[in-house]
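Numbering-wise (our numbering), the sequence shown opens with residue 285 and increments by one.
We put the CB at the ideal spot given by N, CA and C, even for glycine.
A short worksheet on the structure shown next.
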Amino acid sequence: VDRGSVERFRLALASGQVEKYVCGRAGEFDIAILHAISLGQVQFLDLSGLSLLDFEGYCILPFLLQSPNLLEVDLRGNNFTTAFAGEITELCLPGGALSNLASFSGLPIKQLVCPNSTLEDLDLAHQLLSDTELYILSKVLRVNTSVRRLDVRGAMVSGSMDGEEQPEAVQVFLETLEMCHALTRVSGIDIAQLRADTCEELDLEGEVLGKLEPLMLDHFLRGCRSIKTIKLAAQMSTDAGAGAIIQMWTSAVQMLNAVMRCGSEEVCLSLWKEVIPKSECPKYKEVMLSQIQSQSNSGGKSDQATVDAFKGTVFASLCALPIGALETNSIDEVHMVGKDLTD
Numbered sequence: 285v286d287r288g289s290v291e292r293f294r295l296a297l298a299s300g301q302v303e304k305y306v307c308g309r310a311g312e313f314d315i316a317i318l319h320a321i322s323l324g325q326v327q328f329l330d331l332s333g334l335s336l337l338d339f340e341g342y343c344i345l346p347f348l349l350q351s352p353n354l355l356e357v358d359l360r361g362n363n364f365t366t367a368f369a370g371e372i373t374e375l376c377l378p379g380g381a382l383s384n385l386a387s388f389s390g391l392p393i394k395q396l397v398c399p400n401s402t403l404e405d406l407d408l409a410h411q412l413l414s415d416t417e418l419y420i421l422s423k424v425l426r427v428n429t430s431v432r433r434l435d436v437r438g439a440m441v442s443g444s445m446d447g448e449e450q451p452e453a454v455q456v457f458l459e460t461l462e463m464c465h466a467l468t469r470v471s472g473i474d475i476a477q478l479r480a481d482t483c484e485e486l487d488l489e490g491e492v493l494g495k496l497e498p499l500m501l502d503h504f505l506r507g508c509r510s511i512k513t514i515k516l517a518a519q520m521s522t523d524a525g526a527g528a529i530i531q532m533w534t535s536a537v538q539m540l541n542a543v544m545r546c547g548s549e550e551v552c553l554s555l556w557k558e559v560i561p562k563s564e565c566p567k568y569k570e571v572m573l574s575q576i577q578s579q580s581n582s583g584g585k586s587d588q589a590t591v592d593a594f595k596g597t598v599f600a601s602l603c604a605l606p607i608g609a610l611e612t613n614s615i616d617e618v619h620m621v622g623k624d625l626t627d
């Protein structure tokens, strides 16, 4: 971002030369709100879901810093980079200009950075957290010593399916989990046991995992040599609506990757009640990737090779169903006779 352009535009905003600012296709906001903020007339600022970029963020930031009465700011649902998130983070840390905010994009900043914080349970599940919020949260947690349990299920983070070359926000989050030994449980996962490598059976059958949790497990399992069994629930994904089943298959592939990279050679993955030894994970991964491609590109129908590869397993009946077409409402009839369906 050209800071000179930012400053010129900020001055135009401050001088009243601009009345409304159009944010791409997402909408617009009234510039008068920025003047009201700097005059201390606003306590709650909601600029969420406007597809703002760093340029707009840097233009707005000076107005936030001038406000003596601002309590909550919501910038979720925008498209900021890690660079902008880093500058916000510095302002949210102890002594920073935003450290007294009760909430920044759903994060209880004041409670987290308070030196005498007593906050032990931090529930941020399904709070529309993106990479930006995850980055800020990760850095802020490093100065907190009270939080024991954290829930970030439903976080809308980016990342690759194979667990490698994750975005900076995810990398920083994983580093924070390693550093903050006060944190013992994250999104239903006992990370204290995984850190200490004292877990022989990881039972997550009662937990519903989102997009971030398989990446967490991938990270911690690499150092686990004692673990023998990992049990996952039938419903792995917190996503709903169109694409939820495809996301479930994607999460399954991520878990197979995690088991393949696990430090234990004896580990098995119990996936939808099907026990898969580590040595079989590459085969299952390859077939599942083929299943995802088939469901996404063939009107929601698996190819016969995929069905045959899963013959004799619970996955065979799943592959036989046109899941992708059902999710996208692009099918009129579903024939389920003779598909060997189970509960």
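If you measure between the beta carbons of V290 and Y342, is that distance less than 8 Å? yes
Alpha carbon to alpha carbon, how far is L329 from R360? Give it in angstroms, no decimals. 11 Å
Give every residue of the same chain whose Cβ lies closer than 6 Å to the Cβ of K562, excluding the five residues on either side of it in the sequence, and list them in chain order. V543, V551
Any idea if G490 is buried or exposed, counting beta-carbon neighbours within 10 angstroms, 16 or more meaning buried? exposed
Identity of the residue in M500, L467, C464, L505 nearest C483 by Cα: L505
Which residue or residues does DSSP assign as beta-bridge partners of I560? L553
Per DSSP, what are the beta-bridge partners of K423 in this structure? According to DSSP, which records beta bridges pairwise, K423 is partnered with nothing at all.
Going along the chain, which residues of its own chain have a beta-carbon closer than 8 Å to the beta-carbon of T402, five neighbours each way excluded? S430
For a minimum of 4 consecutive residues, which ranges assigned as the alpha helix (DSSP H) are wholly contained in the segment 304-378? 316-322, 338-350, 366-376
Spatial distance of R576 from V618 (CA atoms): A quick correction: the sequence has Ile, not Arg, at residue 576. So the two alpha carbons sit approximately 19 Å from each other.
Please say whether M572 and A517 have beta carbons closer to each other than 8 Å? no
Touching by the beta-carbon criterion (3+ pairs, under 8 Å), the segment 363-373 and the segment 331-342: yes
For A480, which option in P451, L412, I511 has the closest C-alpha, if you only look at C-alpha atoms? I511
Does the distance from the C-beta atom of E356 to that of A386 stay below 8 Å? yes
Inter-residue CB distance, Q538 and D487 (contact presumed, cutoff 8 Å): Not a contact, Cβ separation roughly 19 Å.
In or out: M463 buried (at least 16 other Cβ within 10 Å) or exposed? exposed
Integer-rounded CB distance, given that L354 should sit under 8 Å from L348: 6 Å
What is the DSSP secondary structure of I393, reduced to helix, strand or coil? helix
In terms of residue numbering, what span does the beta strand (DSSP E) encompassing L406 cover? 405-407
Over what stretch of residues does the alpha helix (DSSP H) that includes E291 continue unbroken? 287-298
In DSSP terms, what D474 is bridged to: R469
When you compare the CB positions of P451 and G438, do they come within less than 8 Å of one another, or not? no
Candidates L391, D405, N400, V424: which alpha carbon is nearest L412's? L391
Which of helix, strand or coil DSSP assigns to D616: coil
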